[in-house]
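Heads up: the sequence shown begins at 15 in my numbering, then just goes up one per residue.
Working notes for the structure below.
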Amino acid sequence: MTSLYGRRKSLNQARSGNSTSNLLTNQQFSQHRQQLQHRVSHYQVPEHQRASLCQLIGQETLQGSRAMKDANFTTASHSDLSRMAQLYDRHFLGGHCFPLAKHFGLQFRWSSRMTSNGGKTVRTVHHDRLRNVQRTSYEIVLSAPLLFQTFNDYQRPIRVTGVLCSNRLQAMQRIMEHELIHLVEMLVWDNSCCASARFQNIAQRLFGHTEHKHDLITQQERAERKFNIRVGMQVCFQFEGRLRVGRVNRITRRATILVEDPAGQMYDDGLRYNKYYIPLAHLAPAAK
Ligand SMILES: [Zn+2]
């Protein structure tokens, strides 16, 4: 499995900063905000219509992508996230979300470090001390590890936001829908919380979400199911031609193994360890 989180070029393409062309007049700004608030507060999308719109958005995302080849794509770029979000804005949000967000500055990014959250929406306020002004920008980030290790070598039914997903594209869409509600709430009400009644009400009416969580396959789950490796267990591995035995301390893309060594670093159990980062496939449970 290879995953491309986007090149610099596509990062720049996905960045819609607040250049002067994106700036709205006060009147345009308040019109978009009012209409967006009205839409997400009252709009109800019937299930059959939602299903066909989501399918259309998925197809158009694939067709417009140079990286994504099919619904279980193995590469995707930052601009694919931006294009998908823009389609959601057009089909579900009346085209009012993007102009508002771009007025401030809006970016999309895949993260290779997010290993428990499927996505996040971040508002950053920059203080320009010289000119004594504040500048706000928004960023939507999706987890590459969670999406790319789900629908991969270990299979089970996957629900994201309470909706059963049968491929990676559908899981990506559910996460994007969730994050777009965060963005809309921040733009309209300044605050957003997916545990709140307002968020869940919007998520249900627009996208049919019944939960605000995902059960994508985490690195810990994959390590356990596919390699029989868990945090806390004793494992052995070859390193520089020698067999070493240690304890699994953490599992991310690789496992962190602590091997007792009098010359190592002192840990809070009073013992000294050397730390190794080892690919999961190179570990075996140690014989007891
Ligand atoms: Zn959330």
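Each residue gets a CB set at the ideal place from its N, CA and C atoms; glycine is no exception.
Heavy atom of ligand 1 within 6 Å of residue i beta-carbon
| i | result |
| --- | --- |
| C12 | The first residue shown for the chain is 15 and the last is 302, placing residue 12 beyond what the model contains. |
Residue i, buried or exposed, once every other Cβ within 10 Å from all chains shown has been counted against 16
| i | result |
| --- | --- |
| K83 | exposed |
| E199 | buried |
| L178 | exposed |
| V139 | exposed |
| D142 | exposed |
| S206 | buried |
| A99 | buried |
| H192 | buried |
| G133 | buried |
| A277 | exposed |
| Q248 | exposed |
| H228 | buried |
| L197 | buried |
| S151 | buried |
| G246 | exposed |
| Q163 | buried |
| A295 | exposed |
Other residues of its chain near residue i: CB distance less than 7 Å, five sequence neighbours each side excluded
| i | result |
| --- | --- |
| Q279 | R286 and Y287 |
| Y291 | R268 and T270 |
| C250 | L257, R258, V259, A298 and A300 |
| R188 | V174, T175, V177 and C179 |
| Y168 | I231, R236, R239 and K240 |
| K289 | T270 and L272 |
| S130 | T232 |
| F253 | Y290 |
Straight-line gap, residue i to residue j (C-alpha atoms, nearest Å)
| i | j | result |
| --- | --- | --- |
| Q148 | S125 | 26 Å |
| V259 | R127 | 27 Å |
| R80 | Q73 | 13 Å |
| A158 | F221 | 22 Å |
| T175 | R256 | 46 Å |
| L50 | V202 | 7 Å |
| Y102 | H223 | 15 Å |
| N263 | S96 | 37 Å |
| D282 | S44 | 56 Å |
| V136 | E153 | 5 Å |
| A185 | F241 | 24 Å |
| R261 | I195 | 42 Å |
| L272 | G284 | 13 Å |
| P60 | L160 | 30 Å |
| N146 | L120 | 22 Å |
| M190 | I265 | 26 Å |
| D275 | I243 | 22 Å |
| L25 | H56 | Summary for L25: the model assigns pLDDT 38, below 50, so the residue's position carries little reliability; its value from the coordinates is reported in the next sentence. For L25 and H56, the distance between alpha carbons rounds to 35 Å. |
| H105 | P171 | 28 Å |
| Q41 | L144 | 28 Å |
8 Å CB neighbourhood of residue i in its chain, flanking five on each side removed
| i | result |
| --- | --- |
| R53 | L107, G108 and H110 |
| F87 | L76, S79, A81, R182 and L183 |
| L114 | L38, F43, H46, R47, L50 and L201 |
| H62 | none |
| C208 | H192, I195, H196, Q214, A217 and H226 |
Contacts around residue i, its chain only, beta-carbon distance under 6 Å, and the 5 residues preceding and following it disregarded
| i | result |
| --- | --- |
| R219 | Q58 |
| L183 | G72 and A85 |
| R123 | H92 and V155 |
| Q27 | In this prediction, Q27 scores a pLDDT of 40, lower than 50, which makes its location untrustworthy; the coordinate-derived value is nonetheless stated afterwards. Taken in chain order, the residues that qualify are S93. |
| P293 | R268 |
Closer than 6 Å: residue i CB and nearest ligand 2 heavy atom
| i | result |
| --- | --- |
| P293 | The ligand content of the structure shown is limited to ligand 1, which means ligand 2 is not among them. |
Would the stretch 58-69 count as touching the stretch 231-238 if we require 3 or more Cβ pairs under 8 Å? no
How about the stretch 91-108 and the stretch 165-179: do they share at least three Cβ pairs that are nearer than 8 Å? no
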